[in-house]
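Below is one structure, written out as structure tokens; the observations come after it.
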Amino acid sequence: MVVLLVPLAGSADVWRHAFAATMPELDLRIWPEVGDAAEITVAVLGAPPAGALRKLPHLRLIVSLTAGTDALLRDPDLPNVPIVRAGDPAGDAMINETVLLHVLRHHRYMPDYLRAQQRCEWIRMPIKSARERKVGVMGLGIVGLAAAKMLASVGFEVAGWVRRPRPNSDIKLFSGRERLDTFLVRSEILVNLLPLTPETRGIVCAETLKTLPVGAALINLGRGDHVVEPDLLAALDSGHLAAATLDVFPIEPLPSDSPLWRHSKITVMPHAARRLDPEGLATRACRIIRDFQAEIPLSQLVDRERGY
Ligand code: NDP
175 MVVLLVPLAG
185 SADVWRHAFA
195 ATMPELDLRI
205 WPEVGDAAEI
215 TVAVLGAPPA
225 GALRKLPHLR
235 LIVSLTAGTD
245 ALLRDPDLPN
255 VPIVRAGDPA
265 GDAMINETVL
275 LHVLRHHRYM
285 PDYLRAQQRC
295 EWIRMPIKSA
305 RERKVGVMGL
315 GIVGLAAAKM
325 LASVGFEVAG
335 WVRRPRPNSD
345 IKLFSGRERL
355 DTFLVRSEIL
365 VNLLPLTPET
375 RGIVCAETLK
385 TLPVGAALIN
395 LGRGDHVVEP
405 DLLAALDSGH
415 LAAATLDVFP
425 IEPLPSDSPL
435 WRHSKITVMP
445 HAARRLDPEG
455 LATRACRIIR
465 DFQAEIPLSQ
475 LVDRERGY
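Each number in the numbering used here comes from the position in the sequence shown (counting from 1) with 174 added on.
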């Protein structure tokens, strides 16, 4: 089996060793050293380099190194082959850390205290326990569910918003558009961990923001295009929304003339929610490739119709 790897973060050597540790027999080609492209049957990548997929006429499987497959699904050359995500099905401990960091910052009003300190102003914001704070997580997938459970274990009153109802859930659930408002009304801190799909693009807009309680905070870890930027700025400027932390943007790096950089109520993070783990991803990618070879049904398959 000939596999093309387009590495994300970390050196090619790190990835080569990580794959060799599990499947030494693999003929691994590392982009851009493709060799005879007609031999390649599996591609392991995040967002494909422009035109790369067009050059792989015998591709049979794509393994996604990233949780979000929106860029891959937008590729005009995407062949009709299974796409499987190689993320850890138990969630991502680093994303959990990031979610906890920013939820605690907003829960304990750190942005307000930092602004007050700049003015040498002694202010005291309400001091609440986690039990008294309602957090809403949009998207309880592999990453979102683990983050929601972690927040619940700290004591926060957590609810999640998903597309389809689930029979059993440890987390209070709201599903579908018709339950979105009920979910938002209670979410004092809103964490977005949705995939970017035609249904979720622009979901954080004037309508949704105004449904949040006054003084709510937004943490966007999904994709930049989930947020309608002028609506976010208006909600912050009106005081309805107290603060926002943004890790992802429609254009990355965020252009220096973006008003988001300079807004006093916005924390800009440079898409730094986690570090990818080449060893873990390579091990799981190898397992997927072996299952595919053995015709074992694949889990974590991306549904193109749904868009995630
Ligand atoms: P999954 O595909 O495992 O889960 C997606 C979740 O979103 C599911 O719970 C799904 O609902 C829900 N969902 C999808 N569409 C809708 C909709 N229209 N209405 C309501 N709920 C919806 O995704 P992951 O948890 O693995 O990752 C989620 C996203 O987080 C990624 O796509 C990526 O954009 C982002 N991400 C960002 C990172 C960063 O570095 N900032 C790192 C990792 C992920 P249901 O359960 O009903 O299907």
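All residues carry an ideal CB built from backbone N, CA and C; glycine is no exception.
Asked	Found
Neighbourhood of residue 356 by C-beta, 7 angstroms cutoff - its chain only, sequence neighbours within 5 removed	348
Cβ-Cβ distance between residue 385 and residue 354 below 9 angstroms	yes
One or two residues paired with residue 363 in a DSSP bridge	309 and 391
Cutoff 8 angstroms; reference residue 203; Cβ partners in own chain excluding five residues on either side	176, 177, 178, 179, 209 and 214
Boundaries of the beta strand (DSSP E) in which residue 334 is found, first to last residue	331 to 336
Distance between beta carbons of residue 418 and residue 391, contact taken as under 8 angstroms	7 angstroms
When 461, 473, 343 and 341 are compared against residue 193, the one with the closest alpha-carbon	461
Per DSSP, the bridge partner or partners of residue 230	In the DSSP output, where bridge partners are listed per residue, residue 230 has none listed.
Residue 420 and residue 454 closer than 9 angstroms at C-beta	no
6 angstroms Cβ shell around residue 378 - same chain, five flanking residues per side excluded	400 and 401
C-alpha distance - residue 310 paired with residue 344, whole-angstrom precision	14 angstroms
Residue 432 Cβ short of 8 angstroms to ligand 1 heavy atom set	no
Inter-residue Cα distance where the pair is residue 272 and residue 444	13 angstroms
Where the beta strand (DSSP E) through residue 439 begins and ends	Where residue 439 is concerned, there is no enclosing beta strand (DSSP E), given that its DSSP letter is neither H nor E.
C-beta contact flag for residue 182 and residue 450 at 9 angstroms	yes
Segment contact, 8 angstroms Cβ cut-off, at least three pairs: the stretch 243 to 257 with the stretch 429 to 438	no
Residues that residue 378 bridges to, as DSSP identifies them	401
Residue 401 beta carbon near ligand 2 (any heavy atom closer than 8 angstroms)	For ligand 2, the structure offers nothing, since it holds only ligand 1.
CB contact flag (residue 261, residue 458, <9 angstroms)	yes
Opening and closing residue of the alpha helix (DSSP H) in which residue 201 lies	Careful: residue 201 lies outside any alpha helix (DSSP H), inside the beta strand (DSSP E) at 201 to 204.
Any non-hydrogen atom of ligand 1 closer than 8 angstroms to residue 444 Cβ	no
Euclidean distance between Cα positions of residue 333 and residue 327	13 angstroms
Close-in-space but distant-in-sequence residues of the same chain around residue 212 (CB under 7 angstroms, 5 per side omitted)	231 and 232
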